[in-house]
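Numbering (the numbering used here), first residue to last: 1204 to 1397. Worksheet for the structure shown next.
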C-alpha cells in the first residue's frame, strides 16, 4: 500500500483504523503510524498487533503475518548433509577441486576453517561480517540498505553461520572474506542453495 495514499486519507487516523482493525491494530498504533507517515524519509519502522506487523518501507506500508517473519534455525550437521530453510534447500559437499564456481546460488569456503554444525537463520539485529574483498566489517542492516532489500523481506534472506558463530554467507548476496578459498586451501566446502 502506498505511503503517499495513506498520508492523504481524510480523516486519516479514523480511516486507517477502519482499514487495519480486522488485523488487530489499535487506535493508538494507528495514531503512531499517522505520525510516522507525516515524517519525511522514515523507513524501517514497524508496528505490531498480536498477529500482524506493518512495515513502513521507502514508498510503501506493508502488512505481513507475524508467522511469516522468522523461519526457525536449521542446522547443517556435517559435510554432505542437506537441509531446508524457507524456500531454499541447502546442499553441501567437500572436495579437493579448487576451481571457483561463479554462480549466485553457490558459495565455496576453505573447508579447514569451517566448524560444523553450520546454522541457517534469519538476520538478527547487530549482525556483521567481513564481505568478500573488504578488510573491515559491515553490518547486515547496511548491506540490506545498499542492496535495496525491502525491510519486510530482510528476515527471508538466509544467513549461514559457522559453528563458531561467524557469518559465512548472506545468501545469495555476499560471502565472508575470512573463509574464502586461497592458495593455501587444501579442501573446499561447497554450499548450494536451490
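We put the beta carbon where it would ideally sit given N, CA and C, even for glycine.
Open item on the list: I'd like the list of long-range same chain contacts for residue 1381, defined as Cβ closer than 8 Å, with 5 residues on each side in sequence excluded.
Closed with: Locating residue 1381 in the chain shown gives position 178, counting from the first residue. Only residues of its own chain outside the window of five on either side were considered, and among them 1316, 1333, 1369 have a CB closer than 8 Å to the CB of residue 1381, listed in chain order.
Open item on the list: For the structure I just gave you, are there three or more beta carbon pairs, one from the region 1339 to 1349 and one from the region 1372 to 1387, closer than 8 Å?
Closed with: yes
Task: Sub-8 Å separation of residue 1358 and residue 1326 beta-carbons - done: Taking the chain shown and counting its residues from 1, one reaches residue 1358 at position 155. Taking the chain shown and counting its residues from 1, one reaches residue 1326 at position 123. Closer than 8 Å, so yes.
TODO: Could you spell out where the alpha helix (DSSP H) holding residue 1239 opens and where it closes?
DONE: Here residue 1239 is taken as the residue at index 36 of the chain shown, counted from 1. Segment 1230 to 1241, the alpha helix (DSSP H) holding residue 1239.
- [ ] Return helix, strand or coil for residue 1208, following the three-state DSSP convention.
- [x] The residue you call residue 1208 lines up with position 5 of the chain shown. Residue 1208: helix per DSSP, three-state reduction.
Task: Cβ neighbours of residue 1391 in the same chain (closer than 8 Å, five flanking residues each side left out) - done: The sequence position of residue 1391 within the chain shown is 188, counting from 1. Result list for residue 1391: 1297, 1298, 1299, 1300, 1301, 1311, 1312, 1313, 1314, 1384, in chain order.
Task: Beta-carbon proximity check, residue 1320 vs residue 1260, cutoff 8 Å - done: Residue mapping note: residue 1320 aligns to position 117 of the chain shown, counting from 1. Residue mapping note: residue 1260 aligns to position 57 of the chain shown, counting from 1. In this structure, residue 1320 sits away from residue 1260, with a CB-CB distance that is not shorter than 8 Å.
Task: Contact check, residue 1205 vs residue 1294, beta carbons under 8 Å - done: Looking up residue 1205 in the chain shown gives position 2. Looking up residue 1294 in the chain shown gives position 91. In this structure, residue 1294 does not lie closer than 8 Å to residue 1205 by Cβ.
TODO: Over the uninterrupted alpha helix (DSSP H) stretch that includes residue 1222, give me the two end residues.
DONE: Within the chain shown, numbered from 1, the residue matching residue 1222 stands at position 19. Element bounds for residue 1222: 1215 to 1223.
Task: For residue 1177, the nearest candidate out of 1229, 1237, 1363 (CA to CA) - done: It is not possible to answer for residue 1177, since the shown part of the chain is limited to 1204 through 1397.
Open item on the list: Here's the rule: buried if 16 or more other CB atoms are within 10 angstroms of the residue's CB, otherwise exposed. What is residue 1305?
Closed with: Numbered from its first residue, the chain shown carries residue 1305 at position 102. It counts as exposed.
Task: Contacting residues, own chain, Cβ-Cβ under 8 Å from residue 1367 (five flanking each side not counted) - done: As a position in the chain shown, residue 1367 is number 164, starting the count at 1. So the qualifying residues of the chain are 1318.
Open item on the list: So, at 8 Å on beta carbons, what are the nonlocal neighbours of residue 1335 in its own chain, with the 5 sequence-adjacent residues on each side left out?
Closed with: To locate residue 1335, count along the chain shown from 1; it is residue 132. Cβ neighbours of residue 1335 beyond the five flanking positions: 1377, 1378, 1379, 1380, 1383.
Task: Minimum C-alpha distance to residue 1264 - residue among 1389, 1351, 1209 - done: As a working mapping, residue 1264 is identified with position 61 in the chain shown. When each option's Cα is compared against that of residue 1264, the closest is 1209.
Open item on the list: Let's test the definition: count the other Cβ atoms within 10 Å of the Cβ of residue 1276 and tell me whether it reaches 16, buried, or not, exposed.
Closed with: Residue 1276 sits at position 73 when you count from the first residue of the chain shown. Classification for residue 1276: exposed.
Open item on the list: Determine whether the beta carbon atoms of residue 1323 and residue 1360 lie at a separation below 8 Å.
Closed with: Translated into the one-based positions of the chain shown, residue 1323 becomes position 120. Translated into the one-based positions of the chain shown, residue 1360 becomes position 157. Contact: no.
Task: Residues bridged to residue 1378 [DSSP beta-bridge criterion] - done: Residue mapping note: residue 1378 aligns to position 175 of the chain shown, counting from 1. According to DSSP, residue 1378 bridges with 1372.
Task: 3 or more residues per run - each beta strand (DSSP E) lying fully within the region 1288 to 1315 - done: 1291 to 1298, 1309 to 1313
Task: Backbone secondary structure at residue 1349 - three-state DSSP - done: The residue you call residue 1349 lines up with position 146 of the chain shown. Looking at residue 1349 - three-state DSSP - the assignment turns out to be helix.
- [ ] Can you check the region 1249 to 1286 for any alpha helix (DSSP H) of at least 4 residues that lies completely inside it and give the ranges in chain order?
- [x] None, since the region 1249 to 1286 contains no complete alpha helix (DSSP H) of that length.
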